[in-house]
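For the record, in the sequence shown the residue sitting at position 149 is 149 according to the UniProt record's numbering, with numbers rising by one throughout. The beta carbon of each residue, even a glycine, is placed where N, CA and C say it ideally should be. The next block holds one structure in the form of structure tokens; read it before the comments.
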Amino acid sequence: MRDYIQRKASTGATYIELESLSQTGWELQQEILAWKLSAKDPNSFNQVAMLYQQGMLIYLSGQYDYRPELGTLPANVPRRTGTEIQTHVLRILDLTPHLLNKSNFAEVMYLFPLRVAGARAVDFVTRSKVIGLARRIAERGFRVTERVLSDLQLLWRFRDSGLAPLPITEI
């Protein structure tokens, strides 16, 4: 989706095309938000699903957050507010250690939500939690985690130096 948005924005996409793209994203966001656990039991399967739900909401918002040209649209841009993003980040950081301790899933399953949360971590405490969780996953043999962590640390350095763009929700 990100490549599609970039192509449309860079090729002078019409207002109607951008509006359609935004509407599609908004509908997807509504589907993700409408999803509720069908079981009342907070078992590991449901908790992993919730973890991914939080990650998908951050990721989807991020596809639109860095595109100021979409800000000219009147409504239905699937952006989450900075507060909502941070709530999703904290939910991921709260659920992940519990799942690492209690579930039988391969730890690599937690990398996508953790990476997405890390990309939007804005303070030292939150970033430290991301680093700690990533290191726990790496210690269990998933060496790709080191690359994810390296990418996050580079992103944080760029953000902190002002060289990387901030999402519109954080400006």
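Buried or exposed: which applies to residue i, given that a residue is buried once 16 or more other Cβ atoms fall within 10 Å of its Cβ?
i: W35; result: exposed
i: Q30; result: exposed
i: H98; result: exposed
i: V108; result: exposed
i: R91; result: buried
i: V125; result: exposed
i: P68; result: exposed
If you drop the 5 nearest sequence neighbours on each side, which residues of the same chain put their C-beta closer than 7 Å to that of residue i?
i: R136; result: L100
i: Y59; result: V116
i: Q23; result: N76
i: R120; result: I58, I85 and V89
Quick check on DSSP: helix, strand or coil for residue i?
i: L155; result: helix
i: L163; result: coil
i: F142; result: coil
i: W35; result: coil
Look at residue i and residue j and say whether their C-beta atoms are less than 8 Å apart.
i: A134; j: L155; result: no
i: S61; j: P78; result: yes
i: L51; j: R80; result: no
i: P165; j: Y66; result: yes
i: G141; j: V130; result: no
i: Q47; j: L95; result: yes
i: L111; j: T87; result: no
Identify, in the order they occur along the chain, each residue of the same chain with its Cβ nearer than 6 Å to the Cβ of residue i, setting aside the five sequence neighbours on each side.
i: W26; result: N76 and P78
i: F158; result: A164
i: Q152; result: Checking the displayed sequence, the identity of residue 152 turns out to be Leu instead of Gln. The residues are G118.
For residue i, which residues of its own chain have a beta-carbon under 8 Å away from its beta-carbon, when the five flanking residues on both sides are left out?
i: L33; result: L57
Residue ranges of each alpha helix (DSSP H) run of no fewer than 4 residues wholly in the region 80-136, ordered along the chain? Look at the region 80-136 and you find these whole runs of alpha helix (DSSP H), each 4 residues long or longer: 82-102 and 111-119.
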